[in-house]
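Going left to right, the first sequence walks through residues 1 to 353 as UniProt numbering numbers them. Each remark here refers to the structure printed beneath this line.
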Amino acid sequence: MGISAELLGWYDRHARVLPWRIPPGQGPADPYRVWLSEVMLQQTTVAAVKSYFERFTSLWPRVEDLAGAEDARVMAEWAGLGYYARARNLMACARAVAARGGFPRNRAGLAELPGIGPYTSAAISAIAFDHPETVVDGNVERVVSRLFAIETPLPASKPQIHALATDLTPNERPGDHAQAMMDLGATICTPRNPACGICPVSDPCQARRLGIAADLPRKAPKPEKPLRRGTVWIGLTDSGVLVETRPAKGLLGGTLAFPSTGWDGSDLAPPAEADWQELGLVRHVFTHFALDLTVMTARLTTVPERGRVVPLRDFSPLALPGLMRKAWSLARPETARPRSGVAMASRSRTPQG
DNA sequence: AATACGTGGCG
DNA sequence: TCGCCAAGTAT
Numbered sequence: 001m002g003i004s005a006e007l008l009g010w011y012d013r014h015a016r017v018l019p020w021r022i023p024p025g026q027g028p029a030d031p032y033r034v035w036l037s038e039v040m041l042q043q044t045t046v047a048a049v050k051s052y053f054e055r056f057t058s059l060w061p062r063v064e065d066l067a068g069a070e071d072a073r074v075m076a077e078w079a080g081l082g083y084y085a086r087a088r089n090l091m092a093c094a095r096a097v098a099a100r101g102g103f104p105r106n107r108a109g110l111a112e113l114p115g116i117g118p119y120t121s122a123a124i125s126a127i128a129f130d131h132p133e134t135v136v137d138g139n140v141e142r143v144v145s146r147l148f149a150i151e152t153p154l155p156a157s158k159p160q161i162h163a164l165a166t167d168l169t170p171n172e173r174p175g176d177h178a179q180a181m182m183d184l185g186a187t188i189c190t191p192r193n194p195a196c197g198i199c200p201v202s203d204p205c206q207a208r209r210l211g212i213a214a215d216l217p218r219k220a221p222k223p224e225k226p227l228r229r230g231t232v233w234i235g236l237t238d239s240g241v242l243v244e245t246r247p248a249k250g251l252l253g254g255t256l257a258f259p260s261t262g263w264d265g266s267d268l269a270p271p272a273e274a275d276w277q278e279l280g281l282v283r284h285v286f287t288h289f290a291l292d293l294t295v296m297t298a299r300l301t302t303v304p305e306r307g308r309v310v311p312l313r314d315f316s317p318l319a320l321p322g323l324m325r326k327a328w329s330l331a332r333p334e335t336a337r338p339r340s341g342v343a344m345a346s347r348s349r350t351p352q353g
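This is how it looks when you write it as structure tokens:
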């Protein structure tokens, strides 16, 4: 079918310039950089990833360098990107790859590594090794849903989408084809207001013909997000601040944080006896719940029962996940500046209870 | 097969 | 203001 030729021609002319990408026809790409970028891009926008990718590859140019890095250092550099299991799997994967002397050069071998699932294994295989694997991400699901006017809502339509995407995958330049599909979804076949007028494959697109492109893909309704509440304690000494490393599993697992309660209403005592004062409220929206976090602060006069005091000189709020940065900005707004190049959103508000 | 898992930008 | 969405994976 003509889709592949049209798509690749468009990609040759319009491929986005990205830090991890080799321009079309100039491959092959470095599997380390492909892997790192693909993991960072899981459920994360290109704009958010760029500066993190530059930073990681500057600090750790090869997978062996990353494999030799300390956990806390990697977690600090990942802070703010979200989905912190990715960072933990990143380290485990880097060490496994370094130990075996390089990345597996096929999809099945890649898929055995931590943090590499169906999408990422196919993407690395296609982009770094030019294997004709079918790469299906959210962009491709949308593009295919529209090309074939699939009315079945996601996620039920996933098997059908994957089968059709497989039919579209060419044996020539499969890596460029995969990137072209994703670029098309990101720049033209967008979720809202798709630019069908300049789309290279509008001619064979069934949704376009039917006038329902913007309505696809249909999606199953999402469950409501409950509102949860919690408390965080920011304990200060003359020159230090009380922090702890969160347990490796669960929400914000393995990140640096201020001691807090759970988010399920579970009562937990403050980490130290002190004259705790309420600073305000931080609202944060996670994937599956919203959180109203009460921020407490105190001058520490007793030895804390939890956590450790780190010198303020060695403390950067940039090493904290976003939620904890918001809390910190209430305690020490003058030191809570955004990471350059990464919009750290607005200043924290204090929503009314 | 559902559910857990972050964050920021956009309309 | 608010819901949607972003190059998904693990369990």
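Think of the CB as a built atom: it goes at the ideal place given N, C-alpha and C, for glycine as much as any other residue. Computed from a predicted model, the values in this text were never measured in an experiment.
Query                                                                                                                                                                            : Result
Using a Cβ-Cβ cut-off of 6 Å (strictly less than) and excluding sequence neighbours within five positions of valine 232, which residues of its own chain qualify?                : Phe258, Ser260, Leu293, Val295, Ala327
Taking 8 Å as the cut-off, does the stretch 211-218 touch the stretch 31-44 (at least 3 CB pairs, one atom from each stretch)?                                                   : no
Our contact map puts leucine 312 next to glycine 240 with C-beta atoms below 8 Å; I'd like the distance itself, whole angstroms only.                                            : 6 Å
Could you name the residues that DSSP lists as bridge partners for glutamine 26?                                                                                                 : DSSP lists no partner for glutamine 26.
Below 8 Å between beta carbons: does that hold for alanine 180 and tryptophan 20?                                                                                                : no
Leaving out five residues on either side along the sequence, give the residues of the same chain with a beta carbon under 7 Å from the beta carbon of arginine 306.              : Glu244, Pro259, Pro271
Since aspartate 7 and histidine 177 should fall inside the 8 Å C-beta cutoff, what is the C-beta to C-beta distance between them, to a whole number of angstroms?                : The question names aspartate, yet the displayed sequence has leucine at residue 7. Indeed they touch by this definition, with Cβ atoms about 7 Å apart.
Would you call glycine 117 buried or exposed, if buried means 16 or more other Cβ atoms sit within 10 Å of its Cβ?                                                               : exposed
Spatial neighbours of tryptophan 263 within its chain, please: C-beta separation below 8 Å, excluding the five flanking residues on both sides.                                  : Arg228, Arg229, Gly230, Leu251, Phe289, Leu291
Give a yes or no on whether the C-beta atoms belonging to glutamate 133 and arginine 107 are separated by under 8 Å.                                                             : yes
Do you know offhand how far arginine 146's Cα is from cysteine 189's?                                                                                                            : 9 Å
Can you list, in chain order, the residues of its chain with a C-beta nearer than 6 Å to that of histidine 162? Leave out the 5 residues immediately preceding and following it. : Val136
Under 8 Å, with one C-beta from each stretch per pair, do the stretch 47-63 and the stretch 73-80 reach the 3-pair mark?                                                         : yes
So, using beta-carbon positions, are glycine 330 and valine 282 closer together than 8 Å?                                                                                        : Note that residue 330 corresponds to leucine in the displayed sequence, not to glycine. Yes, Cβ-Cβ distance for leucine 330 and valine 282 is below 8 Å.
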